[in-house]
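S.K.: Chains as they are written, first to last, in this note's numbering: chain A, 7 to 377; chain B, 19 to 362.
Glycine included, each C-beta is placed from N, C-alpha and C at the ideal position.
1) Strictly under 8 Å for the Cβ-Cβ distance: is residue 366 of chain A near chain B by that measure?
2) Any Cβ of chain A within less than 8 Å of the Cβ of residue 325 of chain B?
3) Nearest-angstrom Cα distance between residue 366 of chain A and residue 286 of chain A?
4) In its own chain, which residues sit with a C-beta less than 6 Å from the C-beta of residue 323 of chain A, not counting the 5 before and 5 after it?
5) Return yes when the C-beta of residue 130 of chain B is under 7 Å from any heavy atom of the ligand NAP, and no when it is not.
6) Would you check if there are 3 or more beta carbon pairs closer than 8 Å linking the stretch 115-131 of chain B to the stretch 149-164 of chain B?
7) Pick helix, strand or coil for residue 375 of chain A, following the three-state DSSP scheme.
8) Which residue from A:58, A:299, A:350 puts its Cα closest to that of residue 171 of chain A?
9) Output needed for residue 334 of chain B: all residues of its chain with C-beta closer than 6 Å, excluding positions within five of it in sequence on either side, in chain order.
10) Could you check whether the Cβ of residue 63 of chain A sits closer than 8 Å to any Cβ belonging to chain B?
11) Note down the Cα distance separating residue 295 of chain B from residue 298 of chain A, rounded to an integer number of angstroms.
12) State the Cα-Cα distance for the pair residue 181 of chain B and residue 236 of chain B, rounded to the nearest angstrom.
13) Work out the CA separation of residue 316 of chain B and residue 299 of chain B for me, nearest whole Å.
14) Closer than 8 Å by C-beta to residue 189 of chain A: which residues in its own chain qualify, once you throw out the five before and the five after it? Chain order, please.
15) Hey, out of A:213, A:349, A:327, whose CA is closest to residue 337 of chain A's CA?
16) By DSSP, does residue 320 of chain A sit in helix, in strand, or in coil?
17) Would you grab the beta carbon distance between residue 102 of chain B and residue 151 of chain B for me? Rounded to a whole angstrom, and I think it's under 8 Å.
18) For residue 96 of chain A, go through chain B and note every residue whose CB falls closer than 7 Å to its CB, in chain order.
19) With C-beta atoms as the reference, is residue 337 of chain B less than 8 Å away from residue 305 of chain A?
20) So, does the CB of residue 322 of chain A fall closer than 8 Å to a CB anywhere in chain B?
21) Step through the CB atoms of chain D and report whether any lies within less than 8 Å of the CB of residue 251 of chain B.
22) Compare the C-beta of residue 346 of chain B against all C-beta atoms of chain A and say whether one is closer than 8 Å.
23) Sorted by chain position, which residues of the same chain lie with C-beta nearer than 7 Å to residue 329 of chain B's C-beta, five sequence neighbours on each side aside?
24) Do residue 206 of chain B and residue 167 of chain B count as a contact pair if the criterion is CB distance below 8 Å?
25) Decide yes or no for the touch test of the stretch 158-165 of chain A against the stretch 110-129 of chain A: beta carbon pairs closer than 8 Å, at least 3 of them.
26) Hey, would you say residue 45 of chain A sits closer than 8 Å to residue 75 of chain A, going by beta carbons?
27) Measuring alpha carbon to alpha carbon, tell me which residue in A:247, A:335, A:238 is nearest residue 387 of chain A.
28) Pick from A:186, A:205, A:307, A:181: whose alpha carbon is nearest that of residue 169 of chain A?
29) Consider the Cβ of residue 337 of chain B: report whether some Cβ of chain A lies at a distance smaller than 8 Å.
30) Which residues of the stretch 98-119 of chain A have a Cβ closer than 7 Å to any Cβ of chain B? Give them in chain order.
31) For the stretch 279-299 of chain B, which residues have a beta carbon sitting closer than 9 Å to at least one beta carbon of chain A?
32) Give the single residue among B:175, B:99, B:194, B:218 whose Cα lies nearest to the Cα of residue 148 of chain B.
33) Please work out which residues of its chain come closer than 6 Å, Cβ to Cβ, to residue 195 of chain B, disregarding the five sequence neighbours upstream and downstream, and give them in chain order.
34) Could you list the residues in the stretch 264-286 of chain A with a C-beta less than 8 Å from some C-beta on chain B, going in chain order?
35) Enumerate in chain order the residues of its own chain whose CB-to-CB distance from residue 26 of chain A is below 7 Å, with the five nearest sequence positions on each side excluded.
36) If you drop the 5 nearest sequence neighbours on each side, which residues of the same chain put their C-beta closer than 7 Å to that of residue 259 of chain B?
Shown next as structure tokens:
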């Protein structure tokens, strides 16, 4: 028993240098650590990503590996570098992640959310837009909006997002320094007064699901003004943003009419949020092929995925490509998988796997599974 | 005849007479049988059938001439032996030909009585010396090739329109082939000397018949039954498209930004958002109308020219690794974001 433990320990020690870094704070990550894995703290991981944020396959992998390790990759470092040198008095800069399927856009985004969390940003994170617009479970809650004529509300999804927002920003909301600047009257008896803490607004949306969409709309407006007043800095992350611009959603109204994305209140809210008419914030979006149906997946470039409307909405934005593994990243990942016993066998398998997976991170992970 | 018989019966004449009438109409076989009855004779049982056995014929020798192919002189004039197209004939061809499918390891059957060789078309009448001789004979009817048309380029400049059609030659009861009616016209678009508007209109009219890479417009017609008609139709199409593209109709003034054949940055939303962004960075209020945005001078915005170029190329040349990268570089310059570090 002792020898086995010793062996495992020594193995970990001997390999720790090659593919791991002990630097668990993304603020300190730099070019020297490209390709190395850092482990997320269980608690931060729980508070940031318990309601989504990781792709499903990665979530499964973290369970298998009993740890959440993210590779520090060039796009994330590039983003951190950009954000550090941003002038926060200027209108917000929008970054758009793009890249092939499975190249790690969502994980880069997760890395950046961790960074924003560490850096004290207020995080508005939409884990997957298609979850709202394209996934239709048997009982999708939908209702006509009370406040916006001709619009559709998704109250349950909105409430779920509010919970996600609450868990991600627990510390900032608890501090109670963020105050509401306007009075919101929800009904005869319910209203949010001026100067009430932001958490009260969020709480209202969660308990009174009927108003969840309107609460989000109000919340976004409040956060914009708060950021403009420099009371907080805001980090917006939307994964699968191009789903907002695909002409149709999978939703149907009770009268069997197809719903367009711009008719959903959440869409208008988040399009409002991603405009560059406010300051002191960072907007990170991703254009993903998987967020739209098969017939619009021919290219992974942002203009094609965002379509004309989306491009004009975001322009000028900074496109950031998340590519395949480089040589160094691939070797580091392979040794990490070996350490986790995800990959076994002779060392020649790695050369073969590199060819068969074309250095695509997701494919590499999949192909290692039976080995 | 039976009608007559019935008639006689009804009259009730003696049956002997009736019989005689029958005899009159009976066959010769009946007569022969009667004859046999008269000279009665026993038939002989011929068990070995000696009488029927035919005596073996002695093979008569006749003087067969040797095959014509073997008697041919090696320096004969082949064009005289095989002057025109015809089915293969083994005795006229002094070649050891074999043709036909056989199991593996066997030689294919020779040329004599070989249907396979007769089935296929042959070109024995078109040997190089014969072609040469025939060309020589035709030469007196030809005119000289114009000296100015000494190169492909010269031909292209003087005769920009190219007509492509096919003739078919085959051995079947009819010499007509329906495919020979198809006529294709090809012309380089640059030789039409169109201006900006008419070029755009021409391209919209011809649609996918224009190939950007080769600059060729290809018009194919096969709707008329005869080649000449198709040729005239193709000519008509080119003429009609050309003159139509020169016209400017009243409704063409209604062309909006969506109908544009190229991306004009100044008239698009990209410039508008850039100007808005610039005014916001300077904390100015932007209350411009659409014309103001088009007229707005971007030279006062730092790095805006590179951005304009990058967006235009991204839209006009299509999205590729290069154009997106250029766009990223231009935007980073514009927004003051540090450049991407290239990791080696």
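M.R.: Well, looking at it:
1) no
2) For residue 325 of chain B, at least one C-beta of chain A is nearer than 8 Å to its own C-beta.
3) 35 Å
4) 100, 102
5) Looking at this structure, you won't find the ligand NAP or any other ligand, since it has none at all.
6) no
7) coil
8) A:58
9) Taking residue 334 of chain B as the centre and dropping the five residues before and after it, the same chain places the C-beta of 280, 281 closer than 6 Å to its C-beta, in chain order.
10) no
11) 29 Å
12) 10 Å
13) A direct Cα-Cα distance of roughly 14 Å separates residue 299 of chain B from residue 316 of chain B.
14) 197, 198, 199, 200
15) A:349
16) helix
17) With 8 Å as the limit, residue 102 of chain B and residue 151 of chain B do not qualify as a contact, their Cβ atoms being about 14 Å apart.
18) 299
19) In this structure, residue 305 of chain A lies closer than 8 Å to residue 337 of chain B by Cβ.
20) yes
21) Chain labels in this structure do not include chain D; the protein chains are A and B.
22) Yes, because at least one Cβ of chain A sits closer than 8 Å to the Cβ of residue 346 of chain B.
23) 283, 288, 345
24) no
25) no
26) yes
27) Any property of residue 387 of chain A remains undetermined from this structure, which presents chain A solely from 7 to 377.
28) A:205
29) yes
30) Per Cβ criterion, the list reads 99.
31) Of all residues in the stretch 279-299 of chain B, 286, 287, 288, 290, 291, 292, 294, 295, 298, 299 have a Cβ within less than 9 Å of some Cβ in chain A.
32) Nearest option by C-alpha distance: B:99.
33) 186
34) Within the stretch 264-286 of chain A, 282, 283 place their CB atoms closer than 8 Å to a CB of chain B, listed in sequence order.
35) 42, 43
36) 220, 223, 224
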